[in-house]
Structures are given as C-alpha cells and as structure tokens.
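Visitor: Everything in the sequence shown is counted per full-length UniProt numbering, starting at 1 for the first residue and increasing by one. The following block contains the structure, expressed as structure tokens.
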Amino acid sequence: MTRYFKKQTGTTFYQYLQKIRLKHAYYDLMHTDMKIIDIALNNGFKNVKSFEKVFQNEYKKHLQIIEKVYN
C-alpha cells in the first residue's frame with residue numbers, strides 16, 4: 001500500500017500528511033488570532049518545537065516573524 005501511494009503521488013504518506021497539516025496551520029496563522037501552540041496542536045503536531053522545525057523547513061521562515069507581521 002505504501003509503495004503504491006508513493007508511486008502515485010511521488011511522496012510518502014507521512015510527507016503528504018505533513019504538507020496537509022502545514023497548509024492548514026499556515027491558514028490558521030494568517031487568518032486567525034490563535035496562539036502558535038494551539039495551531040500546532042490543533043493541526044496534529046506533538047508540540048511547538050516540532051511544528052516550528054517542519055514549518056521552517058517548508059517555508060524558510062521563522063514562526064515568530066510570521067506572528068509579528070500578521071498579528
């Protein structure tokens with residue numbers, strides 16, 4: 001099943017799921033006044049640290065900068 005998924009999508013299921021979580025989290029950052037910890041936990045991340053790491057790797061931006069600009 002996992003090989004089939006990767007063959008069809010070009011990515012692993014976990015990577016696919018991470019991207020979906022990140023998209024939802026990014027939306028929450030831009031369009032809500034939720035705290036980062038709430039956004040991280042509501043979108044399936046174990047804690048803020050893991051969310052920050054994945055966010056930075058994907059968007060090449062620090063969460064604190066995003067938070068200051070948009071809040």
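Heads up, the beta-carbon is just placed ideally off N, CA and C, and yes, glycines get one too. Predicted model, so just to flag it, every value in this text is computed and none were measured.
Could you give the C-beta distance for V48 and L22, rounded to a whole number, given that I count them as a contact under 8 Å?
Guide: For the purposes of this step, residue 48 is identified with residue 48 of the sequence shown, where counting begins at 1. For the purposes of this step, residue 22 is identified with residue 22 of the sequence shown, where counting begins at 1. Contact flag wrong, Cβ pair sits at about 14 Å.
Visitor: Taking buried to mean at least 16 other C-beta atoms within 10 Å of its own C-beta, is L17 buried or exposed?
Guide: Taking the sequence shown and counting its residues from 1, one reaches residue 17 at position 17. With fewer than 16 Cβ atoms within 10 Å of its Cβ, L17 is classed as exposed.
Visitor: Locate the alpha helix (DSSP H) running through M30, then write down its first and last residues.
Guide: Working through the sequence shown from its first residue, we reach residue 30 at position 30. Per DSSP, M30 belongs to the alpha helix (DSSP H) from F13 to H31.
Visitor: Based on Cα-Cα distance, which residue from K60, M34, F45 and K61 lies nearest to I20?
Guide: As a working note, residue 20 is residue 20 in the sequence shown. The shortest C-alpha to C-alpha distance from I20 to any of K60, M34, F45 and K61 is the one to F45.
Visitor: Using the rule of at least 16 other Cβ atoms within 10 Å of the residue's Cβ for burial, across every protein chain shown, is F51 buried or exposed?
Guide: Residue mapping note: residue 51 aligns to position 51 of the sequence shown, counting from 1. Under this definition F51 is a buried residue.
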